[in-house]
Every structure is written in C-alpha cells, then in structure tokens.
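Read through the structure below, which is laid out as structure tokens, and then see the notes.
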Amino acid sequence: MKDIKEYKTHTQQGILLNANEMSDNLSSSILKEIQEKIVNLDFNRYPDNDCIRLREAYSALLNVQIENVLAGNGSDQILGLLIGYFLKKGKTLLTLDPDFSMYDYYCGTYDANLLKYPTRDDGSFDVENFIRYAIDNKVDMILFSNPNNPTGFLLTNEEIKVLLKQLNTIPVVIDEAYAEFAKESATELIDQFDNLYITRTLSKAYALAGARVGFLVSNEKNIKQIHKANVPYVLNCVSQMIAMITLKHVEEFRNRIESIKKKRDELIHSNYKSIHIYDSQANFVKVKCKDLKKMYAYFDKNNVIVRKYEGKDYFRLTIGNDQEYKLIKNIFDQYEKEV
Ligand SMILES: Cc1ncc(COP(=O)(O)O)c(C=O)c1O
Numbered sequence: 001m002k003d004i005k006e007y008k009t010h011t012q013q014g015i016l017l018n019a020n021e022m023s024d025n026l027s028s029s030i031l032k033e034i035q036e037k038i039v040n041l042d043f044n045r046y047p048d049n050d051c052i053r054l055r056e057a058y059s060a061l062l063n064v065q066i067e068n069v070l071a072g073n074g075s076d077q078i079l080g081l082l083i084g085y086f087l088k089k090g091k092t093l094l095t096l097d098p099d100f101s102m103y104d105y106y107c108g109t110y111d112a113n114l115l116k117y118p119t120r121d122d123g124s125f126d127v128e129n130f131i132r133y134a135i136d137n138k139v140d141m142i143l144f145s146n147p148n149n150p151t152g153f154l155l156t157n158e159e160i161k162v163l164l165k166q167l168n169t170i171p172v173v174i175d176e177a178y179a180e181f182a183k184e185s186a187t188e189l190i191d192q193f194d195n196l197y198i199t200r201t202l203s204k205a206y207a208l209a210g211a212r213v214g215f216l217v218s219n220e221k222n223i224k225q226i227h228k229a230n231v232p233y234v235l236n237c238v239s240q241m242i243a244m245i246t247l248k249h250v251e252e253f254r255n256r257i258e259s260i261k262k263k264r265d266e267l268i269h270s271n272y273k274s275i276h277i278y279d280s281q282a283n284f285v286k287v288k289c290k291d292l293k294k295m296y297a298y299f300d301k302n303n304v305i306v307r308k309y310e311g312k313d314y315f316r317l318t319i320g321n322d323q324e325y326k327l328i329k330n331i332f333d334q335y336e337k338e339v
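Residues 1 to 339 in UniProt numbering are what the sequence shown spells out, letter by letter.
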C-alpha cells in the first residue's frame, strides 16, 4: 500500500485568522437569493457537466473567453488534476520554498518528485537563477502560488513572461488563489504563452470556501485537453448556483477587497519595533517577532487562531473584518509595550 502523507486541515474554532478565508459570510441579500433558488433546483438530475453559465459569468469577470475557463471543485481539485495530468512516478515538480503545502500532498499521491527552490525571507527570488535551476534539474512541471502563500510576495508579469519564454517546453502553473488582492494577474498572458496555466478560486475574495468552486484559466487548446481528464460532474448543482448568484454581486466584493487591502497596507506600514510585518499582495501577512511564545500567549488569551509553522520563526495572519483587525492591533500594541 502507498504511504500517503495525510493533509492536515485547519482548526475551525475561535477567531479564525489561519486559513485566509473571508471573515464575514455572504450578505443577507445574496443568502436570500440562494434560498429562493435552491427550492427550484432539479436535485434528481445531474448537474451541467460543462458548467456553462458559471464559466460564462467567471470568464466575463476576468475578461477572457468562456473557452479559456474550466470549473472545478475548488482550486485544490484543479491543482491535483494538473499534477496528475503532467506528472507520474519519476517525474519532477518544481515549486518554491515556502509555498502552499497542498502541492507536497498531491505530488505524494502521484509518486512524483518535488523540488523546492528556496526564496528569500520576504518570498522574493532571482528569476534567472530559478530558470537555470529548473533547466539543470530537468523538471517536468512548475507550480507556485502568486501572490505567494505564506509570504504575500508577488512576482510581476514582466518576470513571469521571462520565465514562460525561457521555459517554453515546461507547463508553468501559477496558483492565483489571492490574485484579487494583488496589483496584477497573469490571466492577461494566456493567449501569448502555450505553457501557462492559472488556477483561481472563489474561496478567498468571494467568501465561498465552503462551496468549493475553483477555476483553471488557460488557452482554449489547453482547457480542452485538461477538461477531458477532469472528473465528470465535478461541480454539484448547489455550488454552481451559489457561485453564479455570488458572481452577480461582484461590486459588493470589490468593496470588501478594498477594505482588506487598506487594513493590510496600514498594518504593513505600522511602526512596530519588535514586530516585523512583511509586505504582502494577498489577504494575509507574514509576521516575525522576537518572542513568538509571548505573542502566541496573547493570541490564545484572545481566542485568536493564526497559521503557525513547525520549526519556523514566523506566523501567517489573515486580514479579517474591522473588529478582528482592531483586536489584532490591540494585541500587537500590547506585545510591543511589554517586550
Ligand atoms: C495558495 C493556495 N492555493 C489554493 C488554495 C486552495 O483553495 P481552494 O479553496 O480553491 O481549494 C489555497 C487555500 O488556502 C491556497 O492558499
């Protein structure tokens, strides 16, 4: 039997600033629309296998064609699909260190090798060196999150173009789970580079982590190929309906996204002497401080859950709603005073 490392899911009790979800649920008007629609669903019928209306709505939002978009059960499922499609035993995936832990998990399930290219403390890295490393190690696929989880670092489209051009025989998957919080996205490059695959999700900026809706964005030929390898009826009728209703209200989410970015930037620019908050283009920040134990004790006392990393001297903190943000500021102020 294969020895697969179990994926540890997140704690779900307390003030949850550990999984980069949206802190507030869908608005009551969206919930009401969902409630009204749900009674008219044909539960006895299989859902639309091609997710046509959902892909129409999402492609319009991204300003791409419907043929450029594939829907899946969260971006996790699409990442697994891509790893399974491009890799098998003996093949190698190149990612960054640190990056999203799910890549390790999927590589394990397909018996593929995983190489991690170390990044600097702030998540940045030298693209030319990265390219050389990929070529020297004859990797079969590249996958990294951009903005990076957990640093929040964003590789620019100019740098991504260099990477795509020089590694044009290798599929490059960019995981844009947090793109809505960033200055730019690589989706505008899909028709220029055949080796570009982008995953997106409604779990973060659109408050739908529970509905499990994700997308693959690429050129039409790639989407056609990957679609053939996808599980039939991958997205159930309830999730398709919820996602379509949510996407009718993007304006509401634009305001939420702007509010999160404002709080994030304010936190990054706060002048703590004993807490280092890294620059970020996502809805979370990487934080380092002198006395992690003391900081964690404050979090425990206030029932705040953050993402900790075994053996590392930093944690990752989701930018939550206004109330949660105030609480974090109070904790940081108190820590600063006492350390
Ligand atoms: C970088 C990154 N990619 C993908 C995901 C998974 O998102 P989804 O809910 O769409 O599966 C996450 C979730 O935390 C993430 O951090």
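We put the CB at the ideal spot given by N, CA and C, even for glycine.
The structure displayed is predicted, hence computed values, not measured ones.
For ligand 1, a non-hydrogen atom lies closer than 6 Å to the CB of Asn-149.
The stretch 146 to 153 makes no contact with the stretch 36 to 54: fewer than 3 CB pairs, one atom from each, lie closer than 8 Å.
With 16 or more other Cβ atoms from the protein chains shown falling within 10 Å of its own Cβ, Ser-239 counts as buried. Under the 8 Å Cβ criterion, the stretch 199 to 216 does not count as touching the stretch 293 to 313, having fewer than three qualifying pairs. Pairing Arg-254 with Asp-3, the inter-Cα distance amounts to about 43 Å. In terms of side-chain proximity, the C-beta atom of Ala-177 is found nearer than 6 Å to a non-hydrogen atom of ligand 1.
Contact annotation, Asn-230 with Pro-47: C-beta distance approximately 13 Å; criterion of less than 8 Å not satisfied. Within 6 Å of the C-beta of Ser-101 there is not a single heavy atom belonging to ligand 1.
For His-227, the enclosing alpha helix (DSSP H) stretches over residues 220 to 229. Arg-132 carries a helical assignment under DSSP once its states are collapsed to helix, strand and coil.
When the alpha-carbon of Leu-167 is set against those of Glu-180, Asp-194, Tyr-178, the nearest one is in Asp-194. For Asp-97, the enclosing beta strand (DSSP E) stretches over residues 92 to 97.
Secondary structure of Thr-201 (DSSP, three-state): strand. Excluding the 5 residues flanking it on each side, Tyr-133 has same chain C-beta neighbours closer than 6 Å at Tyr-117, in chain order.
Of the residues Val-139, Leu-81, Glu-338, the one whose Cα lies closest to the Cα of Pro-232 is Leu-81. The three-state secondary structure of Asp-175, taken from DSSP, is strand. Excluding sequence positions up to five before and after Val-173, its CB lies within less than 6 Å of the CB of Leu-82, Leu-143, Tyr-197, all in the same chain and listed in chain order.
Collapsing the DSSP output to three states places Thr-318 in a strand.
Taken from the Cβ of Ser-280, every heavy atom of ligand 1 lies 6 Å or farther away. The beta carbon of Thr-109 sits no closer than 6 Å to any heavy atom of ligand 1.
Counting C-beta pairs with one atom in each stretch, the stretch 22 to 36 and the stretch 245 to 259 have three or more that are closer than 8 Å, which means they touch. About 21 Å separates the beta carbons of Asp-191 and Ser-75, which is beyond the 8 Å limit, so they are not a contact pair. Assignment of beta strand (DSSP E) within the stretch 233 to 305, counting only whole runs of 3 or more residues, yields 275 to 277, 284 to 289 in chain order.
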